Ligand SMILES: Cc1cc2nc3c(=O)[nH]c(=O)nc-3n(C[C@H](O)[C@H](O)[C@H](O)COP(=O)(O)OP(=O)(O)OC[C@H]3O[C@@H](n4cnc5c(N)ncnc54)[C@H](O)[C@@H]3O)c2cc1C
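Numbering (my numbering), first residue to last: 2 to 526.
This is the structure we're talking about:
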C-alpha cells in the first residue's frame, strides 16, 4: 500500500455499521461529536451479521416472571466458568433501556397481544425472554431501524480500515482504503465494531465480511484480545449439499417451540447429554451433534419441526430458506450440521467499550467484555452490542472532548503475512473446529507458519492478512488451553480443569509472533 492520498478529521470514527457500530455512532452523535462511520461493504449490501439475526434479543421485561438475577444466572451457567457476573449484570440490567431506544427509533417487535411482546425461548434460557420481529427476521428489523435512525450520519461505504494509528500512547486515527486509495481519518476516538470471524472456516453462518478484521486491527495496534479460542458453533446450520461460504442458519428458537434433533435413525441426538435436552446451551448441543456425526459417519442430523403448528407464519425466513433448498419443513425433517457462528472472545474491553489504549473502544461481537465467558448464551449478542455500543459511543465522545489534537507521522502499511484463504479455512475446519487436539493444533500452526508477506492492495488482500493473524491467535490460545471448557473441546483433554478457570490473553510480541498469557482481569469501572 502506498502513502496516504487523502485526509479527513473527525472527533469519533466508528468502524462497522451493525448493531454495535450504529448504536455507538448514534450515541456519539447525540453527544455533539462529529462522527465518521466506515463500512467495508456498499451501503445497500446486507453485509452485517446483525441483518441475519433470526432468534431475537434476550431482554428482561418489567412486570414479567423473569428477573435480571435469573438472566444473569442463565448467562453465567452457559459461560463455562469464565463469565464475569458483575459485567453480565451491568449489561443485562441495561437491556430494556437499549430495546426501548430501538423502539423509539422505529423498531417493531412481534406481539402476543396488543401492547404485549411475544416471548420465545432458546438453548440455556430458563425463561421465555427473547423478543423477536417478523417471526424469525429480528436482525433485519433491528438493522432497518438503526439504518433509519442513522440516515443523516456520515456513513462511508466501501471504506475499509486497515490500521488503527497511534500517537505514542493514544489513538490518533485510522488508516483507511477506498476507491481513491489509502487515506487517513484523523480522530482522537476510534470505536472498532467490525463483528465476527466466521470466515476462518470453510462454512459459516456469518456474512462474507466476518473475517476477523477487528481482532487483527487491535493486535497490530498493540491491544490484546482474550477468550479467542472460544468460537461458538451453532448446532443447526442448514446442510443442503453446498459445503462452503455463508450457509443459512436454522434458528434455535425452532427448538424453543418444540422441534427435536434426531439422527438418520430417528434417535434423539441430545438424550442423556444434558438435563435441558435439545434446549441445552449451544456448546453442549453442537458437541452432541458433532459426536453423533463422527460415530455414525453420516453427513448431517435432522431437526424435526413437523409438530409445530403454524410453522410457516412463525418462521418465515427459515421456511423460505428450506423451500429454496427443496425442503418442506412442515413435512420433512431439516438436515443440519454444526457451523462456525460466533466469537465469544475478542478485544479486551470494560463494560463501556474502553480498551487499554486511550481513545480505542470496541463493542459488539469483536469485543470481549466478560459477558459470554467460554460460551455465549443465545440472543445475548444483540443485547450486548446495543448496550455496550451505546455506552462506547458516549465514552468515545467524552474522550474526544478531552483529548488534544493528535499528530500522525506518515504511516505506511508494511506487507503482512497472509495465507491462501482456502488453505487457511481448510486447516481451521480440520484442526480447530468443534473439537480439537494438540496434534491437530500443531499441524494448524505449521500451516499458518507458511504464510508469506503480502502487500494490501484491496479489501480481499487485507482480509487475508486479518484472517491469518486471527487464526494464529486462535491456534495459540486453543493449544494453550489443555482442557475442555465451553465451546473449546479437546479430544486429548476431555475434562474441565478447575485450575484453568481463567481467560487467556493474546498479544503481538516485538517480533510479530503471537504471545499468550493468563489470566485476564476484567475491569468494570
Ligand atoms: C445467521 C445469524 C443469526 C444470528 N442470530 C442472532 C440472534 O437471534 N440473536 C442474537 O443476539 N445474535 C444473533 N447472532 C449474532 C449477532 O447477529 C451478531 O453477533 C451481531 O449482530 C454482531 O453485531 P456487530 O455490530 O458486532 O457486527 P456486524 O453486525 O457483523 O457488523 C460488522 C460491521 O463491520 C464492518 N467491517 C468489518 N471489518 C471492517 C473493516 N476492516 N473496515 C470497515 N468496516 C468493516 C462490516 O462491513 C459491518 O458493517 C446471529 C448471527 C448470525 C450470523
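A virtual CB, placed ideally from N, CA and C, is assigned to each residue, including glycine.
On a predicted model such as this, the values are computed, not experimentally measured, just so you know.
Assuming contact is defined by CB atoms lying nearer than 8 Å, are residue i and residue j in contact in what I supplied?
i           : j           : result
residue 494 : residue 375 : no
residue 168 : residue 335 : no
residue 130 : residue 60  : yes
residue 180 : residue 379 : no
residue 492 : residue 338 : no
residue 319 : residue 289 : no
residue 610 : residue 140 : Residue 610 lies beyond the stretch modelled for the chain, which goes from 2 to 526, so this question has no answer here.
residue 528 : residue 28  : Examination of residue 528 is not possible in this model, given that the chain is present from 2 through 526 alone.
residue 259 : residue 197 : no
residue 435 : residue 287 : yes
residue 445 : residue 429 : yes
residue 528 : residue 226 : Here the chain covers residues 2 to 526 and nothing more, so residue 528 does not appear.
residue 345 : residue 488 : yes
residue 549 : residue 170 : Lying outside 2 to 526, the shown extent of the chain, residue 549 is not represented and no answer is given.
residue 420 : residue 58  : no
residue 247 : residue 212 : no
residue 67  : residue 125 : no
residue 234 : residue 340 : yes
residue 96  : residue 388 : yes
residue 136 : residue 431 : no
residue 39  : residue 162 : yes
By Cβ distance, which residues of its chain are closer than 6 Å to residue i, with the 5 residues on each side in sequence left out?
i           : result
residue 511 : none
residue 518 : 506
residue 48  : 42, 208, 210
residue 14  : 37, 175, 186, 188, 191
residue 147 : 23
residue 127 : 75
residue 502 : 82
Could you spell out where the alpha helix (DSSP H) holding residue i opens and where it closes?
i           : result
residue 86  : 86 to 94
residue 142 : 139 to 150
residue 52  : 50 to 53
residue 508 : Premise fails: residue 508 lies in the beta strand (DSSP E), 506 to 509, not in any alpha helix (DSSP H).
residue 70  : 69 to 79
residue 4   : Premise fails: residue 4 is in no alpha helix (DSSP H) and is neither H nor E.
residue 290 : 283 to 297
Quick check on residue i - is its C-beta less than 8 Å from some C-beta in chain D?
i           : result
residue 413 : Absent from the structure is chain D; it holds one protein chain and no more.
Short of 7 Å in beta carbon distance, which residues of its chain neighbour residue i, apart from the five on each side in sequence? Order them along the chain.
i           : result
residue 402 : none
residue 7   : 181, 184
residue 263 : 269, 270, 302, 303, 305, 334
residue 77  : 84, 86, 89
residue 438 : 491, 492, 493
residue 293 : 264, 270, 302
residue 433 : 442, 445, 475, 476, 479
residue 355 : 362, 396
residue 285 : 274, 275
residue 382 : 343, 366
residue 144 : 49, 51, 52
residue 94  : 69
residue 521 : With a pLDDT of 49 at residue 521, under the threshold of 50, the modelled position of that residue is not reliable, and no figure is offered here.
If you follow the beta strand (DSSP E) that residue i is in, where does it begin and where does it stop?
i           : result
residue 409 : Careful: residue 409 lies outside any beta strand (DSSP E) and carries neither H nor E.
residue 179 : 171 to 179
residue 113 : 112 to 114
residue 162 : 161 to 168
residue 518 : 515 to 518
residue 190 : 190 to 193
residue 9   : 7 to 10
residue 155 : 155 to 157
Please go through the same chain and pick out, in chain order, the residues whose beta-carbon is closer than 8 Å to the beta-carbon of residue i, but skip the five residues on each side of it.
i           : result
residue 90  : 69, 73
residue 386 : 19, 20, 21, 24, 51, 194, 364, 365, 366
residue 515 : 220, 470, 473, 474, 477, 507, 508, 509
residue 466 : 217, 417, 418, 419, 455, 457
residue 1   : No information on residue 1 is available, as it lies outside the stretch 2 to 526 that the chain covers here.
Is residue i near ligand 3, in the sense that its beta carbon is under 7 Å from a heavy atom of that ligand?
i           : result
residue 161 : As presented, the structure is devoid of ligand 3, carrying ligand 1 as its sole ligands.
Worksheet entry | Completely contained beta strand (DSSP E) runs for the region 300 to 387, where each covers 3 or more residues | 302 to 305, 335 to 344, 347 to 349, 361 to 363
Contact between the region 359 to 377 and the region 185 to 193: three or more CB pairs below 8 Å? yes
* Asked: Fully enclosed by the region 447 to 504, which beta strand (DSSP E) runs are 3 residues long or longer?
  -> 453 to 455
Mind the definition here: the region 403 to 422 touches the region 233 to 252 only if three or more C-beta pairs lie below 8 Å; say whether that holds. no
(request) Pair every Cβ in the region 219 to 226 with every Cβ in the region 266 to 282, then say whether three or more of these pairs are closer than 8 Å. (result) no
Stretch pair the region 323 to 334 + the region 300 to 308: three plus CB contacts closer than 8 Å
yes
So does the region 80 to 88 actually touch the region 142 to 160, counting three or more Cβ pairs closer than 8 Å? no
What beta strand (DSSP E) runs, 3 residues minimum, are completely inside the region 12 to 41? 13 to 16, 36 to 39
| Any alpha helix (DSSP H) of 4 or more consecutive residues that is wholly inside the region 214 to 271 | 214 to 221, 254 to 257
So within the region 414 to 440, which uninterrupted alpha helix (DSSP H) runs reach at least 4 residues, ignoring any that extend past its ends?
422 to 432
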